[in-house]
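2 protein chains.
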Amino acid sequence: MTLILALDFGGTKLAAATVNVGSRQWLRYERRFSPVNANANTDLEIMRSLIHSLLQGTKPTAIGVSFGGPVDATTGTVRLSHHVAGWENIPLKNLLEAEFGVPAYVDNDANVAALGEHRFGAGQGYDSLFYITVSTGVGGGWILNGKPWRGAGGMAGEIGHIVVDPAGPVCLCGKRGCVERLASGPYIAQNAREVLAELPRRTPGKILRGLVQDNLELLTGQLVSEAAAAGDDLAQEILQKSAWALGVGIGNVANLVNPQLFILGGSVTKAGTRWWEVLCQVARETALLEVDFEIIPAALGDDAPLWGAVALAEFAIAK
Amino acid sequence: MTLILALDFGGTKLAAATVNVGSRQWLRYERRFSPVNANANTDLEIMRSLIHSLLQGTKPTAIGVSFGGPVDATTGTVRLSHHVAGWENIPLKNLLEAEFGVPAYVDNDANVAALGEHRFGAGQGYDSLFYITVSTGVGGGWILNGKPWRGAGGMAGEIGHIVVDPAGPVCLCGKRGCVERLASGPYIAQNAREVLAELPRRTPGKILRGLVQDNLELLTGQLVSEAAAAGDDLAQEILQKSAWALGVGIGNVANLVNPQLFILGGSVTKAGTRWWEVLCQVARETALLEVDFEIIPAALGDDAPLWGAVALAEFAIAK
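In the order they appear, the protein sequences are chains E and X. Okay, so the first sequence: first residue is 1 according to our numbering, each after it adds one. Okay, so the second sequence: first residue is 1001 according to our numbering, each after it adds one.
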């Protein structure tokens, strides 16, 4: 049996699993939250303990790794993490290869999740697709001609930072009206917070206010979705802006690259049917009539990066 | 010697040339304007006469064709022309193969020009690039991994119809604030016309007005560029909006696909250094800091589609 070790260094979670090549069932699976004030060293220590617990002395044939931040996939070196300190220029591939004595392959989570959905999830049988995760951030990963397209500098897929409304609010990246600024979970919460803070305590947003008992600091993207589902007008309006921004982004991508399929994953995609309806309608209106595409939900959920890590290792073994 | 016949069906011009494989000099070259009220049949008749005049009884090994409109590159069937009537579903590849008894390869002008610049022009030595033509319309063609990327339905590259200003003016395609609506030659002229029509006959736009002796119908994109170069404030402002729109588009494309290079051709790219400066600055501001790219002018000018047609035929011969 050819054993693959799959690792997922997320922003807040660490996961590791083993699988036999060709199988679609984990042999073993471990997941931990990063501690508060995690840094690269604590993350690596926790991952080591997960790995040793999984392997128990056996040796994998290859290691595939999903990392939650920019990575040089050629060298397997992490550029940085936006969530965890100390990851600057860590040669993750080399570290793992030295420690476990087998080849390791590292790429960023959006690229790896795209690969996972393509090989094992919603993208099976499609030759070209764009996977988008809409969660704390908004990122994407390409499959073109059946293979990952990472871009000349490994930076392709940054749909979160394309501008869809130059008159929109300022994003963390410094620009106005990025998709991420309008569509991500934390910004949905922030937008709701700002509107509620300015409104007198009256009808619009009443349900939303109730969910946090007027403590606006407690607002999250998920609560905005819940309030919208319960009929809160203000929450619905804010969610629709999120769906609109992502819909324009997707329509623009369709015109530019014309993939067969868009796969959407991440917590915000659970915002309800109305969010999906607006998104699909705006994407369709933004794309040219002659440009065909489908938009579907991801199938692998939180395990997409781990399954993508398996695919990354399988690719390498097959070479 | 292996002889290639290259054809260019433009919106207003028809061109044909012959070249030996491996050579970068035309053996023979012919160019004609389409007549007023041209249709597919008159275009085909003129092209036939150009071809016979070029070949004089000799037979090419293959024919490469650039067509100014959407094409199904797999079958070589023209979908339509936005400029010339009667091109709907014309099987151009089959027609040429039946008539000349050699293989023919047909693709749309933006894809073919991208290939031409990649093989023989400004894109030599680059593995990934996006060619953009900014002229009557705004279109683009991809080279990824050293090969054309046409999209799942052959529609990739439509940067002209990505939305960069949702509050902008309405485009022919029905959306607001498309790149083409803000950046193309005819729309630059239209924008100038509209502003001048509303302004009293005073200083702003005075130079521009003078160039057409107050007959606003005579305004063209080129005249707006000339007025801007001569110091006309209004013309400069309108041109900067064009450069801004294209700059946002290019920055968005850089974030999404991360090609090494953008090559810009077409009449509007002759609008002067200020247009280029604004465009490059806005593109740089729109792209993420980590995303590197170059923006350079096309090298082959009006012959890019013809040289691309040569590359298309060479590709096929090499297979």
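Where is the CB? At the ideal position from N, CA and C, for every residue including glycine. Quick caveat: nothing in here was measured; it's all calculated off a predicted structure.
Between the CA atoms of residue j and residue i - distance to the nearest angstrom
i	j	result
Asn145(E)	Leu219(E)	42 Å
Ser1267(X)	Leu1300(X)	13 Å
Gln56(E)	Arg28(E)	11 Å
Arg1284(X)	Val1248(X)	9 Å
Gly1272(X)	Val163(E)	26 Å
Ala1114(X)	Glu1314(X)	15 Å
Ser225(E)	Gly177(E)	21 Å
Ile1090(X)	Arg1048(X)	16 Å
Ala245(E)	Thr77(E)	32 Å
Thr42(E)	Val170(E)	33 Å
Arg1024(X)	Phe1120(X)	8 Å
Gly1010(X)	Ala1016(X)	11 Å
Ala230(E)	Leu208(E)	9 Å
Ser81(E)	Val1021(X)	50 Å
Cys1173(X)	Ser53(E)	59 Å
Ala1298(X)	Leu50(E)	54 Å
Asp232(E)	Val1036(X)	60 Å
Ala318(E)	Leu1129(X)	29 Å
With 16 other Cβ atoms within 10 Å as the buried cut-off, status of residue i
i	result
Pro148(E)	buried
Gly210(E)	exposed
Leu1322(X)	Any answer about residue 1322(X) is impossible in this case: the structure gives chain X only from 1001 up to 1319.
Gln124(E)	exposed
Glu99(E)	exposed
Gly157(E)	buried
Gln213(E)	exposed
Lys175(E)	buried
Thr136(E)	buried
Pro200(E)	exposed
Gly101(E)	exposed
Asn1215(X)	exposed
Met1155(X)	buried
Glu45(E)	exposed
Other residues of its chain near residue i: CB distance less than 7 Å, five sequence neighbours each side excluded
i	result
Asn108(E)	Phe67, Gly69, Pro70 and Val71
Val106(E)	Val65, Phe67, Val71, Ala73, Gly76, Leu92 and Lys93
Leu312(E)	Gly64, Tyr105, Asp107, Val112 and Leu115
Asn258(E)	Val291
Ala1322(X)	Limits of chain X in this structure are 1001 at one end and 1319 at the other, which puts residue 1322(X) out of reach.
Val1278(X)	Gln1240, Ala1243, Trp1244 and Gly1247
Reduced DSSP secondary structure (H/G/I, E/B, other) of residue i
i	result
Gly221(E)	helix
Trp87(E)	coil
Pro169(E)	coil
Ser1049(X)	helix
Lys1013(X)	strand
Thr61(E)	coil
Ile188(E)	helix
Asp233(E)	helix
Val286(E)	According to the sequence displayed, residue 286(E) carries Thr and not Val. Note: Thr286(E) maps to helix in three-state DSSP.
Val1253(X)	helix
Asn111(E)	helix
Leu3(E)	strand
Asn215(E)	coil
Counterpart residues of residue i in DSSP-defined beta bridges
i	result
Trp1026(X)	Answer is none; Trp1026(X) lacks a bridge partner.
Glu294(E)	Leu261(E)
Ile132(E)	Gly140(E) and Leu264(E)
Tyr105(E)	Gly64(E)
Asp8(E)	Ala15(E) and Ser66(E)
Cys178(E)	Val163(E)
Val71(E)	Val78(E)
Pro1329(X)	Nothing in the structure corresponds to residue 1329(X), since chain X is present only between 1001 and 1319.
Phe33(E)	Lys13(E)
Asn20(E)	Leu3(E)
Other residues of its chain near residue i: CB distance less than 6 Å, five sequence neighbours each side excluded
i	result
Pro1305(X)	Asp1008, Ser1066, Asp1109, Val1112 and Ala1113
Ala1038(X)	Val1084
Tyr1187(X)	Arg1181
Lys13(E)	Phe33
Ile968(X)	Examination of residue 968(X) is not possible in this model, given that chain X is present from 1001 through 1319 alone.
Glu88(E)	Leu80
Ala1254(X)	Ala1287, Val1291 and Phe1293
Ala40(E)	Gly86, Trp87 and Ile90
Neighbourhood of residue i by C-beta, 8 Å cutoff - its chain only, sequence neighbours within 5 removed
i	result
Ile1296(X)	Ala1122, Leu1261, Phe1262, Ile1263 and Leu1264
Beta-carbon neighbours of residue i, restricted to chain C and to distances below 9 Å
i	result
Cys173(E)	Checking the listed chains, one finds no chain C in this structure; the protein chains it contains are E and X.
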